[in-house]
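What follows is a set of notes on a single structure, which appears directly below.
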Amino acid sequence: MGAGNLFDVTTNLLEANMDRRVRSNNLISRNLANVDTPNYRGTGLEFEKQLATALEGGVLPPTLARTDPKHMPFEQPKPFSHAAPQYKDTGPVHLDIEMSRLAENNIMFNAMVKLLNKKFEKLRTVITEAGR
Amino acid sequence: MDLITSMEISASGLSAQRTRLNIISQNLANSQVTRTAEGGPYRRKVPVFSAVPFVSHLTRAMDTPPYLPGKDPRRGVYVQGIYQDNEEFKRVYDPSHPDADESGYVLFPNVDVVTEMSNLIQASRSYEANVTAVNASKSMATKALEIGR
Amino acid sequence: MSDPRIQGFGPNVLHSLSHKTEPEENKKGFLEHMKESVQRVENEQQKANQAIQDLTTGKRKTLHETMIQVEKAGISFQLLMAVRGKLVNAYQEVMRMHF
C-alpha cells in the first residue's frame, strides 16, 4: 500500500518519451534555424530504441543510481528519464525532411499528453470509486 | 531543455533570415549603382551564417539562465558577419554613360538579379520553416498545459 | 493467518491482514505503513511545490515536467484522502460495536 506504486512502467515511459520529444523539438528547431548555414550538419536524438531497451530490462547508458543511502528512501528512481541522451548526426539539413520530423514529433508529443491524461483520469476515477 | 528554448532557437533563425532578406533587398535596390560614396560601383553584400555550437554533454541545469561563465547565451544560428562579394564587377560597354572610363566601359555592381531573387525565395522559405517550428513548439507547450485536465 | 472469529479484533490482526508474503524480519506495523504513505505523499507535494517554484522563478522551464509532478502529487493526495476516509469509516464501524 502507499503512493509509491501508483504510477506504473507505462506512465514512466510516457514521461520519458515526452521528455525526449521536447529535446528533439529543440534539436529540430536548431536544425531549421541553421538550414542555410554552410557546412552545417543536423543533430538528432535517438530515443525510441533506448526506451525499448529500458523496457526489456536492459541497462541504459549512465543512469542516475541511488548511490547515497542517505537519499530519501521513498523517492522513486526513474530509470528512463535520467538516461543520457543519445545524439546522432543526421547529415546536411533537408528542409522538407526536417519539417516532417518536426510535425511527427509534435503529433507524437500531443498523443503522449493525451494518453497520460487518460491514465491519470483512470487513476482518479478508481480512487474516487473505491473511496465510496 | 524545454520548449521555451526551442522558441528562442527558432527566433534566432527568424532573425538571421530577416537580416538576409534585408541584405538581398539592399543588393537589389543598389544593383544599378555605379557611383558610391567610396567611389566605384556598389559591391554585393553577403551575410554569413554560423551555428551556435551545441554541447551535447550539458545537463539540464546548464541549459537555463543564469548561464555558467563561458557559456554562450546565443541560441541556434547567428549572423557571423556581412561580407563583401569579391566577384568581379560587370563591365558594360556604354560610352555615353557619365561613369564610362577611357575605353567606354562602365563598371556595374556584381549583383545578379536572378541570383538575388532565388536567394530571396529561399530565405522566405527558411523564414516560413522557422515560423512553423515556433508554432510546433507552441502547440506542444499548450498541450503540456492540458496535463491533468 | 489468524482467524478474526477466534482471535477477535486487535492491532495484530490488522497487521497480519495487510501482509501476504513478507518475511518475518520485514514485517512492519499497519501504523508504519500509514506513516510511510503519508511521508511519500508529503514528498510528492514537496516535489510538486519545488517544480512550481522552479517554473515561476525561471530556473526550470520544463512545463510538462511541472504539470506531471503536480498531477502526480494530486493523485497521491487523493488516494491518501480516500484511504483516510475508509479508515475513519472502519473506526466508526468498530466504535459502533457493542461488546
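Protein chains in written order, with my numbering: chain U, 1 to 132; chain A, 1001 to 1149; chain Z, 2001 to 2099. Note that CB positions come from ideal geometry on N, CA and C, so glycine has one too.
With a beta-carbon spacing of about 12 angstroms, U/Thr90 and A/Phe1054 fall beyond the 8 angstroms limit used to define contacts.
Assignment of A/Tyr1042 by DSSP, reduced to helix, strand and coil, places it in the coil class. For U/Leu6, no alpha helix (DSSP H) run applies, since DSSP gives it neither H nor E. Annotation: Cβ neighbours of A/Ile1147 in chain Z (cutoff 7 angstroms, chain order): His2064, Met2067, Ile2068 and Glu2071. Leaving aside the five residues that flank A/Glu1087 on each side, the residues in its chain whose CB is nearer than 8 angstroms to its CB run, in chain order, Arg1044 and Asn1110. Within chain A, the residues whose beta carbon sits less than 8 angstroms from that of Z/Lys2061 are Asp1002, Leu1003, Ile1004, Thr1005 and Thr1064, listed in sequence order. Taking a cut-off of 8 angstroms for Cβ pairs, the stretch 1124-1140 of chain A and the stretch 1015-1030 of chain A touch, as three or more such pairs fall below it.
Sequence-distant partners of A/Ser1050 (beyond 5 residues in either direction) whose C-beta falls short of 8 angstroms from its own C-beta, in its chain, are Val1077, Tyr1078, Val1079 and Gln1080.
Secondary structure of A/Thr1036 (DSSP, three-state): coil. Distance from U/Val22 to A/Met1001 at the Cβ level is roughly 6 angstroms; contact confirmed, criterion being Cβ atoms closer than 8 angstroms. Looking only at U/Gly57, U/Thr37 and U/Ile107, the smallest Cα-Cα distance to A/Val1052 is reached by U/Thr37.
Here A/Ala1133 is near A/Ser1010, since their CB atoms are less than 8 angstroms apart. Among the residues of the stretch 1039-1055 of chain A, those with a Cβ less than 7 angstroms away from any Cβ of chain U are Phe1049, Ser1050, Ala1051 and Phe1054, in the order of the chain. Boundaries for Z/Lys2059: no beta strand (DSSP E) harbours it, and the DSSP string shows neither H nor E there. Within its own chain, the residues whose Cβ lies closer than 8 angstroms to the Cβ of U/Pro85, once the five positions on either side in sequence are excluded, are Arg20, Arg23, Leu45 and Phe47, listed in chain order. Rounded to the nearest angstrom, the gap between the Cα atoms of Z/Lys2061 and A/Thr1005 is 9 angstroms. Looking at A/Val1114, A/Met1117 and A/Asp1094, the one whose alpha-carbon comes closest to that of A/Leu1107 is A/Asp1094. 8 angstroms or more divides the Cβ of Z/Ser2037 from the Cβ of U/Leu6.
Counting of Cβ neighbours within 10 angstroms places A/Pro1098 among the exposed residues, the total staying below 16.
The beta carbon of Z/Gln2092 sits no closer than 8 angstroms to any beta carbon of chain U. In this structure, A/Gly1148 sits away from Z/Val2041, with a CB-CB distance that is not shorter than 8 angstroms.
In terms of Cα proximity to Z/Gly2085, the closest of U/Leu32, U/Ile127, U/Gly131 and U/Lys114 is U/Gly131. In terms of beta-carbon proximity, U/Leu115 stays away from the interface with chain Z, with every pair separated by 8 angstroms or more. For A/Ile1147, the three-state secondary structure derived from DSSP is coil.
In this model, Z/Met2095 and Z/Gly2058 are separated by some 52 angstroms (Cα to Cα). By the C-beta density criterion, Z/Leu2055 is buried, having at least 16 other C-beta atoms within 10 angstroms.
Boundaries around A/Val1077 are those of the beta strand (DSSP E), Val1077 to Gln1084, since no alpha helix (DSSP H) includes it.
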